[in-house]
Amino acid sequence: MNNIVLPDISGTIGLMIGNNVPDAYTSYDIATGPTGSPHATRSRLGWIIWNLIRNETNIETNAVVNRAQLTTIKEVQDHNNLDYLVRKSINFDFLELLIDDKKENSIEDNYFLKQVNESIKIEDGQYHVAVPFRNKEVKFPNNDSQGLNRLKGLRIKITKSQKFKNDYVSFMNNLFSKGYAVKVPINELNQDYGRVWYIPHHGIYHHKKPNKIRGLFDCSASHMGVSLNVLLLQGPDLANNLLGVLLPFRSEKILYKVT
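Going by the numbering used here, the first residue of the sequence shown is number 1, and it counts up by one from there.
Okay, structure coming up:
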């Protein structure tokens, strides 16, 4: 390989992962040596040195590549982000060897937690947290017309069933009595400063619990192409990984089920 000229690059080389550009690996020339020694291939990118030099001669290695993943990022800002990308890739490739039972927090998850930690406070014995908007300066249309139409539909349903009316009134009274909801002051009802949103709500019964009503707040309701779910950060996934739940069942001879 004395005649091979390798470029002297002054910059820092990062990582080139993936094989979605096969033309970059087209071989135009090959330089080989004795068995076990490195060899070189000239491609469009220049000369590439292959193989490893080891002191031990009895080491056997096998490498299997079954998937290529392309991750496009502007910049790895710190070690924690790099660690997150590596863990995510390993967990995706080797499900039987999960590093973590739960996923690492994404950048959006960390931003959500930052907003919660900075805004959380206790007033009159209750916790208050600011609404976790994706963009703190966001403005959106007032959906009062949508909220009113949905409320009219709920009123019709209430007038048709006395049982539904009693259960739903009890559900709403419970929200107010426990402080989960409060009445909006009269002087704030007609305000429209680009951040007023009415959440439609309705009640349903589960077929296994016909005597217990469940109130649902429709944050996915869209008005003029905007919904509350789109405007807000979702937050970290707190559910356990299904595979992480199932695999421990095989770790011991006796299984205990708690119901």
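Yeah, the Cβ is synthetic: ideal placement off N, Cα and C, and Gly gets one too.
- Residue 47 holds the alpha-carbon nearest to the alpha-carbon of residue 25 among 226, 162, 168 and 47.
- Look at residue 173 here: in three-state DSSP terms it is helix.
- The residue from 137, 215, 209 and 155 with its alpha-carbon nearest to that of residue 174 is 215.
- Closest in alpha carbon position to residue 31, among 22, 10 and 5, is 5.
- Collapsing the DSSP output to three states places residue 218 in coil.
- The C-beta of residue 217 has fewer than 16 other C-beta atoms within 10 Å across all chains shown, which makes the residue exposed.
- Collapsing the DSSP output to three states places residue 205 in a strand.
- With respect to residue 129, residue 122 sits apart: the two C-beta atoms are not nearer than 7 Å.
- About 6 Å separates the beta carbons of residue 154 and residue 202, which is inside the 8 Å limit, making them a contact pair.
- The criterion of a C-beta distance shorter than 7 Å is not satisfied by residue 197 and residue 151.
- Taking a C-beta distance under 7 Å as the contact criterion, residue 226 and residue 140 qualify as a contact pair.
- The residue among 195, 23, 39 and 27 with its C-alpha nearest the C-alpha of residue 3 is 39.
- Under the DSSP assignment, residue 127 falls in the beta strand (DSSP E) whose first and last residues are 126-128.
- Checking the DSSP bridge columns, you'll see residue 131 has no partner listed.
- For residue 32, the three-state secondary structure derived from DSSP is coil.
- The C-alpha of residue 234 is placed about 23 Å away from the C-alpha of residue 245.
- In this structure, residue 44 sits away from residue 29, with a CB-CB distance that is not shorter than 7 Å.
- Judged by DSSP secondary structure, residue 42 falls within the beta strand (DSSP E) whose first and last residues are 39-43.
- Taken in chain order, the unbroken stretches of alpha helix (DSSP H) that lie wholly in the region 218-247 and span 4 residues or more are 228-231 and 242-246.
- Here residue 162 is exposed. Its C-beta has fewer than 16 other C-beta atoms within 10 Å.
- Contact annotation: residue 204 and residue 171 have beta-carbon atoms that are not nearer than 7 Å.
- Comparing alpha carbon positions, the residue from 10, 124 and 118 closest to residue 131 is 118.
- The beta carbon of residue 27 sits closer than 6 Å to those of 41, all from its chain and outside the five residues before and after it, given in chain order.
- Residues 105 and 109 of the same chain have their beta carbon placed closer than 6 Å to that of residue 236, with the five preceding and five following residues left out of the count.
- Closest by C-alpha distance to residue 193, out of 138, 51, 49 and 134, is 138.
- Residue environment for residue 200: buried (at least 16 other C-beta atoms within 10 angstroms of its C-beta).
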